[in-house]
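Step one of this worksheet: look at the structure below.
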Amino acid sequence: RMGGLSAKTPFFLLAIVIFTSTLLAGQQIDSGYLRYNRTKVMASRSVRRLVLVDAFGVMFQQFHAVKYPMSTKSGLPTGALHGYCRLILHSLEHLQPTHAACVLEGGGGSRFREKILPSYKANRGRPDDELKQQISHMVPLAKRMGIASICKAGHEADDVIATLAHAASRSGFDSVVIISNDKDLLQLVKDESAHIPNAGRVVVCKPKVEAIKKYESSAFDSKGVMRQMGVLPSQIPDYLSLVGDSSDNIPGVPSIGPKRAQKLLAEYKTLRGLIEAAEKDADFVLSSKLRSKIVDHWDIVKRNIDLVTLRTDLNLGGDEEVLHSLRVGMGRPRGEAEADALGALEEYEFSTLQKHFDRVLDMGIFDQDR
629 RMGGLSAKTP FFLLAIVIFT STLLAGQQID SGYLRYNRTK VMASRSVRRL VLVDAFGVMF
689 QQFHAVKYPM STKSGLPTGA LHGYCRLILH SLEHLQPTHA ACVLEGGGGS RFREKILPSY
749 KANRGRPDDE LKQQISHMVP LAKRMGIASI CKAGHEADDV IATLAHAASR SGFDSVVIIS
809 NDKDLLQLVK DESAHIPNAG RVVVCKPKVE AIKKYESSAF DSKGVMRQMG VLPSQIPDYL
869 SLVGDSSDNI PGVPSIGPKR AQKLLAEYKT LRGLIEAAEK DADFVLSSKL RSKIVDHWDI
929 VKRNIDLVTL RTDLNLGGDE EVLHSLRVGM GRPRGEAEAD ALGALEEYEF STLQKHFDRV
989 LDMGIFDQDR
C-alpha cells in the first residue's frame with residue numbers, strides 16, 4: 629500500500645490524486661515564495677537603495693534586440709517600450725529599490741563638452757523614426773509604473789546619474805545600482821567602506837534581465853571593473869583620456885591602446901605620475917618613441933580628462949528634496965499607484981507582463997512605509 633492507495637486502485641484515480649497533490653504543493657510553494665519575498669522586503673525597509681536607469685541607452689538596446697515587430701491595435705510600435713517596461717519590472721522585483729529614476733538626456737547636447745571639443749559625439753546618427761515614436765512614451769510609461777524620470781537641460785544623462793549617485797552617498801543611502809552599458813559610468817563604482825561614514829556601495833549592472841536577476845554576482849564592483857577594463861574605477865577617466873573613446877568621437881594618444889594604457893596606469897597610478905615620469909625619461913616603462921608620443925600629445929590628454937570625467941555637481945535641487953521625489957510609487961497611495969500601473973499595461977497591450985507585475989505587487993513594492 630502507498631499513502632492509503634492499493635495496487636488495485638485504477639490508474640486514472642491514481643493520476644488524479646498525484647495531480648491534485650502536486651497542484652496543492654505548488655500552491656503552497658508559490659504562497660511560500662510570496663511570503664518569503666514580502667518578508668524580505670519588510671525586513672529591508674530600513675535599507676535605502678537607489679536604482680538609476682540609463683533610459684535612452686536601455687531603449688536603444690531594446691529597440692535593436694526586438695526580434696519580432698510589436699505594436700498596439702492603433703499602430704503604435706511598442707517593441708522597445710515593452711523591453712523597457714520589462715526591465716523596470718525586473719529591477720523592482722530583484723533589486724527591490726526604495727528609490728528609482730529613469731535618467732534621460734536633457735536636450736541640447738552637452739554644452740560644456742562641445743565647447744571643449746566641437747566634434748564631440750558628431751559621429752552619432754539620428755534615431756530611427758520607429759524608435760523616436762516610442763521615445764516620446766518613455767516618461768509617461770515610467771511614471772505610471774511608479775518610477776520618476778529626470779534630466780537636466782544642456783547636460784548628459786551620465787552627469788545626472790553621477791550627481792544623483794553622489795547625492796545618495798552623501799545622504800546615507802546603503803547602495804546605488806546603475807543600469808547601463810556605458811563604460812564611462814564605471815568611474816562611479818565604489819565599494820562599501822567600514823572607515824567612511826555613510827559611504828554606500830555603488831555598482832553598475834548591465835541592462836539585461838539575467839544580469840539584474842543575478843546582480844549580486846554579475847554587477848560591476850571594483851574587482852569587476854578591474855577584470856573588465858584592467859584599471860580601477862578611479863582610473864577610468866585617466867584610461868579614457870589616453871586611449872580616447874570612439875563612441876563619443878574622442879581621439880586618444882596615437883599608438884596608446886588599452887593594453888599600453890593599462891600598463892602605464894599600473895606603473896604610474898595617475899596621469900600626473902605618468903607625465904612626470906615621461907618628462908624625466910628615466911627608466912620609463914615603455915619605449916622612448918612611445919614616451920615622446922605621450923609628451924608630444926599631452927595637450928590631448930589634458931583636454932580629454934575634462935571630456936570623460938563625469939560631473940557630480942549639477943544643480944538638481946537639494947539632495948534630500950530630489951531624492952525624496954524619486955521614491956518608488958512617487959508618493960502616491962498604494963491603491964492609486966497599482967491601478968495606474970495596471971492601466972498602463974492595458975493601454976500599451978502588454979498582457980504578457982501583467983503576471984510579472986502581480987508578483988511585484990505581492991512584494992509590497994508600493995507600500996508607503998518602505
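Here the sequence shown is numbered in the numbering used here, starting from 629 and rising by one per residue. Glycine included, each C-beta is placed from N, C-alpha and C at the ideal position. All of these numbers come straight from a predicted model, not from anything done at the bench.
With burial defined as no fewer than 16 other Cβ atoms inside 10 Å of the residue's Cβ, what is the status of residue i: buried or exposed?
i	result
GLN856	exposed
GLU904	exposed
LYS780	buried
VAL923	exposed
THR791	buried
ILE993	buried
LEU651	Note that LEU651 scores a pLDDT of 37, beneath 50, so its modelled location is shaky; the value from the coordinates is reported in the next line. With fewer than 16 other Cβ atoms within 10 Å, it is exposed.
ARG866	Per the sequence shown, residue 866 should be read as Asp rather than Arg. Classification of ASP866: buried, given that the 10 Å Cβ count is 16 or more.
GLU733	buried
ARG752	exposed
To the nearest angstrom, report how far apart residue i and residue j are at their CA atoms.
i	j	result
ARG931	SER702	49 Å
SER850	GLU949	30 Å
LEU918	PRO725	48 Å
PRO835	GLU907	43 Å
TYR976	PRO886	44 Å
HIS765	ARG962	23 Å
ALA889	LYS842	31 Å
SER747	GLN982	45 Å
HIS783	VAL871	24 Å
ASP819	LEU813	14 Å
LEU715	VAL837	6 Å
LEU944	PRO768	20 Å
ASP873	GLU742	15 Å
HIS925	ASP911	20 Å
LEU662	GLU964	Its pLDDT being 42, under 50, LEU662 is placed unreliably by the model, and the measurement read from it follows with that caveat. Going from the Cα of LEU662 to the Cα of GLU964 covers about 22 Å.
ARG971	LEU745	Looking at the sequence itself, residue 971 is Gly, so the reference to Arg does not match. Computed Cα separation, rounded: 45 Å.
ASP968	ARG754	33 Å
ASP947	SER915	48 Å
THR667	PHE985	Confidence at THR667 is low in this model, with a pLDDT of 45, below 50, so its placement is unreliable and the value that follows should be read with caution. Using only the alpha carbons, I get a separation of about 18 Å.
SER797	THR940	11 Å
GLN762	GLU844	31 Å
ARG772	GLU966	9 Å
ARG588	MET991	Look at the range of the chain in this structure, 629 to 998, and you will see that residue 588 is not part of it.
ASP995	SER674	13 Å
GLN689	TYR696	15 Å
GLY736	MET958	27 Å
PHE978	LYS921	56 Å
Within the same chain, show all residues whose beta-carbon is closer than 8 Å to that of residue i, passing over the 5 residues directly before and after it, in chain order.
i	result
MET698	PRO705, THR706, GLY707, HIS710
SER672	Only weak support is given to the placement of SER672: the predicted model assigns it a pLDDT of 49, under 50, and the question is left unresolved by the model.
GLY685	ALA785, SER808, ASN809, ASP810, PRO835
GLN863	LEU893, LYS897, THR898
ASP757	none
What is the C-beta distance between residue i and residue j, in whole angstroms, given that I count them as a contact (C-beta under 8 Å)?
i	j	result
VAL936	ILE878	7 Å
SER579	CYS713	Outside the displayed span of the chain (629 to 998) sits residue 579, for which this structure offers no information.
VAL805	ARG676	VAL805 to ARG676, Cβ: 12 Å. No contact.
SER803	GLY828	5 Å
ILE928	VAL881	6 Å
HIS727	LEU954	4 Å
VAL956	GLY800	No, VAL956 and GLY800 are not in contact; Cβ-Cβ is about 18 Å, not under 8 Å.
LEU902	SER869	About 10 Å; that fails the 8 Å criterion.
LEU938	GLN815	6 Å
VAL788	LEU942	6 Å
Only counting the same chain, and skipping five residues up and downstream in sequence, which positions put a Cβ closer than 7 Å to that of residue i?
i	result
VAL817	VAL830, VAL831, VAL832, PHE848, ASP849, SER850, VAL853, PRO861
VAL988	LEU717, LEU720, GLU721
VAL913	LYS891, LEU892, GLU895
ILE646	Here the model assigns ILE646 a pLDDT of 35, short of 50, so the residue's position is not dependable, and the following value carries that caveat. Hits under 7 Å: none found.
ALA653	Here the model assigns ALA653 a pLDDT of 43, short of 50, so the residue's position is not dependable and the matter cannot be decided.
Which same chain residues, not among the five before or five after residue i, have their C-beta less than 6 Å away from its C-beta?
i	result
SER846	ALA839
ALA1064	The first residue shown for the chain is 629 and the last is 998, placing residue 1064 beyond what the model contains.
VAL681	CYS730, ILE807
LYS749	ASP876, ASN877
PHE691	ALA708, LEU759
MET687	ALA708, TYR712
VAL694	GLY707
ASP934	ILE744
VAL679	SER719, LEU723, PRO725, ALA728, VAL805
Taking 9 Å as the CB-CB cut-off, is residue i touching chain B?
i	result
TYR748	In the displayed structure, chain B is absent; only one protein chain is listed.
- request: Only counting runs of 4 or more residues, tell me where the alpha helix (DSSP H) segments fall wholly within the region 770–853, in order along the chain.
  value: 785–798, 837–841, 843–846
message: For a minimum of 3 consecutive residues, which ranges assigned as the beta strand (DSSP E) are wholly contained in the region 668–721?
response: 677–682
Alpha helix (DSSP H) segments (min. 4 residues) lying fully within the region 858–923: 864–871, 886–896, 899–908
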